[in-house]
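For reference, the structure is listed below as structure tokens.
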Amino acid sequence: MPISFGVPQGSMLGPLLFIIYINDLPLAVQGCCVELYADDTLIYFARKSVSGIPAQLTGTLQRITEADDLVIEISNTRLERVNKVKYLGVLPDNTLSWKDHIEYIGNKILSRLRVLRRARKVLPKPTCQMLNNTLVLPLFDYCSPVWDSCGAGSKAYLDKLNRRAASIIEGRSIGAEELKSILGWPSLQARRNYLKCVLVHKCLHDIAPSYLLSEFRCAHFFHGYNTRSRDLLRPPFAKTTKYQGSFRINGALTYNTLPRIIRQVETLSEFKMKLKRHFKQ
1 MPISFGVPQG SMLGPLLFII YINDLPLAVQ GCCVELYADD TLIYFARKSV
51 SGIPAQLTGT LQRITEADDL VIEISNTRLE RVNKVKYLGV LPDNTLSWKD
101 HIEYIGNKIL SRLRVLRRAR KVLPKPTCQM LNNTLVLPLF DYCSPVWDSC
151 GAGSKAYLDK LNRRAASIIE GRSIGAEELK SILGWPSLQA RRNYLKCVLV
201 HKCLHDIAPS YLLSEFRCAH FFHGYNTRSR DLLRPPFAKT TKYQGSFRIN
251 GALTYNTLPR IIRQVETLSE FKMKLKRHFK Q
């Protein structure tokens, strides 16, 4: 296949030139959403029913090939419907149960706990705690505002893995109540709530990604009365349990549980500091 465009692999300008080349891709399509992330492009449709989406997707891909002279087989290749898909390290499924994602990160955590167990034989406890903070905890936290609506069984499984990490570091079995009293570790749910509140704060102060800035509205946005709840967030009405667990609603409800003195903080650094104190109590 003749190549008309390209950049040297590994060059300093390569990523920038590629972004310049691909950045106008969303202009070639309409009626769908396009997310660009480095060399990963996601085209998706949000509909109440899957009927009609295959035809729309085929038409969109055809417009992209015509606009950018890409060689993509469409008509002779069947677009397979899958029940789960991995995107940027997150594994959503077609029922939004997040079981596949919990299993996915659980397997990664188990492999790193084996590394931690071997390291504990030769390293002191403080160093192993640093290893846990570096290797294991990020897996518990990554994109947790998105999948925090997973079931109680999935959360219990993650809590079990967290206690296993504590047991490896301490050299003995650690119960759930000892995580905070002995090690000073907050619960995983407290960590997830912390991350949700931080992201909500960023949305309210225009320092979050643009597609999140309009997700939350305070009560005073809808009326001008000086009520005690005027600075609380008003989540949209949710008909389904799945929607109730979404970040748009669950994030607002979690944020509303914070003391008013924390919600009124303007700067992100001060908000994080007071929020950590709140969840450590």
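Numbering (UniProt numbering), first residue to last: 1 to 281. Just so it is clear, CB atoms sit at the ideal spot from N, CA and C, and this is done for glycine as well. Predicted model, so just to flag it, every value in this text is computed and none were measured.
K155 versus L57 - alpha carbon distance: Taking the first residue of the sequence shown as 1, we reach residue 155 at position 155. Taking the first residue of the sequence shown as 1, we reach residue 57 at position 57. In a straight line, the C-alpha of K155 is about 35 Å away from that of L57.
Can you name, in chain order, every residue of its own chain whose Cβ lies under 6 Å from the Cβ of W147, other than the five neighbours on each side? Locating residue 147 in the sequence shown gives position 147, where the first residue counts as 1. Cβ within range, chain order: W98, H101.
Nearest-angstrom Cα separation, counted from K196 out to P145: Stepping through the sequence shown from its first residue, residue 145 is reached at position 145. Stepping through the sequence shown from its first residue, residue 196 is reached at position 196. If I take the Cα positions, the gap works out to 5 Å.
Distance, P26 Cα to V200 Cα: Locating residue 200 in the sequence shown gives position 200, where the first residue counts as 1. Locating residue 26 in the sequence shown gives position 26, where the first residue counts as 1. Straight-line Cα distance between these residues: approximately 27 Å.
Out of F140, A119, S246, L123, which has the shortest C-alpha to C-alpha gap to Y104? Counting from 1 along the sequence shown, the entry for residue 104 is found at position 104. Of the candidates F140, A119, S246, L123, the one whose C-alpha sits nearest the C-alpha of Y104 is F140.
Best match in F237, P259, T257 for proximity to I249 [C-alpha to C-alpha]: Along the sequence shown, read from residue 1 onward, the residue named residue 249 stands at position 249. Of the candidates F237, P259, T257, the one whose C-alpha sits nearest the C-alpha of I249 is F237.
For I20, the first and last residue of its enclosing alpha helix (DSSP H): As a position in the sequence shown, residue 20 is number 20, starting the count at 1. For I20, the enclosing alpha helix (DSSP H) begins and ends at 14-22.
Spatial distance of S187 from C128 (CA atoms): Within the sequence shown, numbered from 1, the residue matching residue 187 stands at position 187. Within the sequence shown, numbered from 1, the residue matching residue 128 stands at position 128. Approximately 19 Å between the Cα atoms of the pair.
Have a look at R114 and R192 and give me their C-alpha separation to the nearest angstrom. Along the sequence shown, read from residue 1 onward, the residue named residue 114 stands at position 114. Along the sequence shown, read from residue 1 onward, the residue named residue 192 stands at position 192. When only Cα atoms are considered, R114 and R192 end up about 24 Å apart.
So, does the region 251-264 touch the region 171-188, judging by three or more C-beta pairs under 8 Å? With fewer than three CB-CB distances shorter than 8 Å, the region 251-264 does not count as touching the region 171-188.
Nearest residue (CA-CA) to residue 287, options A55, S49, G52, N23: Nothing can be reported for residue 287, as the shown portion of the chain is limited to 1 through 281.
What's the call for E35, buried or exposed, on a 16-neighbour Cβ count within 10 Å? Counted from its first residue, the sequence shown places residue 35 at position 35. That one is exposed.
How do the region 258-265 and the region 155-166 stand: do at least 3 beta-carbon pairs fall below 8 Å, yes or no? No: the two stretches stay apart, fewer than three of their Cβ pairs being nearer than 8 Å.
Throw me the rounded Cβ distance for the residue 285 and R112 pair, which I believe falls under 8 Å. Because residue 285 is not part of the residues shown, which for the chain are 1 to 281, the question remains open.
Y104 - DSSP class collapsed to helix/strand/coil: As a working mapping, residue 104 is identified with position 104 in the sequence shown. Note: Y104 maps to helix in three-state DSSP.
Can you list, in chain order, the residues of its chain whose CB lies under 7 Å from that of I53, leaving out five sequence neighbours each side? Within the sequence shown, residue 53 is the residue found at index 53, counting from 1. Excluding five sequence positions before and after I53, the CB atoms of its chain that fall closer than 7 Å to its own CB belong to F45, R47, given in chain order.
What are the start and end residues of each continuous alpha helix (DSSP H) run of 4 or more residues lying completely inside the region 141-206, in chain order? List check, alpha helix (DSSP H) in window: 144-147, 152-170, 176-181, 188-204.
If you run the structure through DSSP and keep just helix, strand and coil, what is C32? Translated into positions along the sequence shown, residue 32 becomes position 32. The answer is coil: DSSP assigns C32 none of H, G, I, E or B.
Note down the Cα distance separating V29 from K180, rounded to an integer number of angstroms. Start at 1 with the first residue of the sequence shown, and residue 29 comes out as number 29. Start at 1 with the first residue of the sequence shown, and residue 180 comes out as number 180. Roughly 51 Å between the two C-alpha positions.
To the nearest whole angstrom, what separates the beta carbons of R163 and A152, a pair I think is in contact under 8 Å? By one-based count along the sequence shown, residue 163 stands at place 163. By one-based count along the sequence shown, residue 152 stands at place 152. The beta-carbon separation of R163 and A152, rounded to 16 Å, does not stay under the 8 Å limit for a contact.
Counterpart residues of Y255 in DSSP-defined beta bridges: Here residue 255 refers to the residue found at position 255 when the sequence shown is read from its first residue. Beta-bridge pairing links Y255 to no other residue.
Go ahead and label V122 buried or exposed: buried means 16 or more other beta carbons lie within 10 angstroms of its beta carbon, across all protein chains shown. Translated into positions along the sequence shown, residue 122 becomes position 122. Around the beta carbon of V122, fewer than 16 other beta carbons sit within 10 angstroms, so the residue counts as exposed.
Checking the sheet assignment: what are the DSSP bridge partners for D39? As a first step, residue 39 is located in the sequence shown; it is residue number 39 there, counting from the start. In the DSSP secondary-structure assignment, D39 is not bridged to any residue.
DSSP three-state label for L268, please. Here residue 268 corresponds to residue number 268 of the sequence shown, with the count starting at 1. Three-state result, L268: helix.
Buried/exposed call for I109, threshold 16 Cβ in 10 Å: Locating residue 109 in the sequence shown gives position 109, where the first residue counts as 1. With 16 or more other Cβ atoms within 10 Å, it is buried.
Using DSSP bridges, identify the partner residues of K48. By one-based count along the sequence shown, residue 48 stands at place 48. The beta-bridge partner set that DSSP reports for K48 is empty.
If I follow the unbroken alpha helix (DSSP H) through K125, where does it start and stop? Numbered from its first residue, the sequence shown carries residue 125 at position 125. From DSSP, the alpha helix (DSSP H) with K125 extends over 125-135.
Mark E215 as exposed unless 16 or more other C-beta atoms lie within 10 angstroms of its C-beta, in which case mark it buried. Locating residue 215 in the sequence shown gives position 215, counting from the first residue. E215 should be labelled buried.
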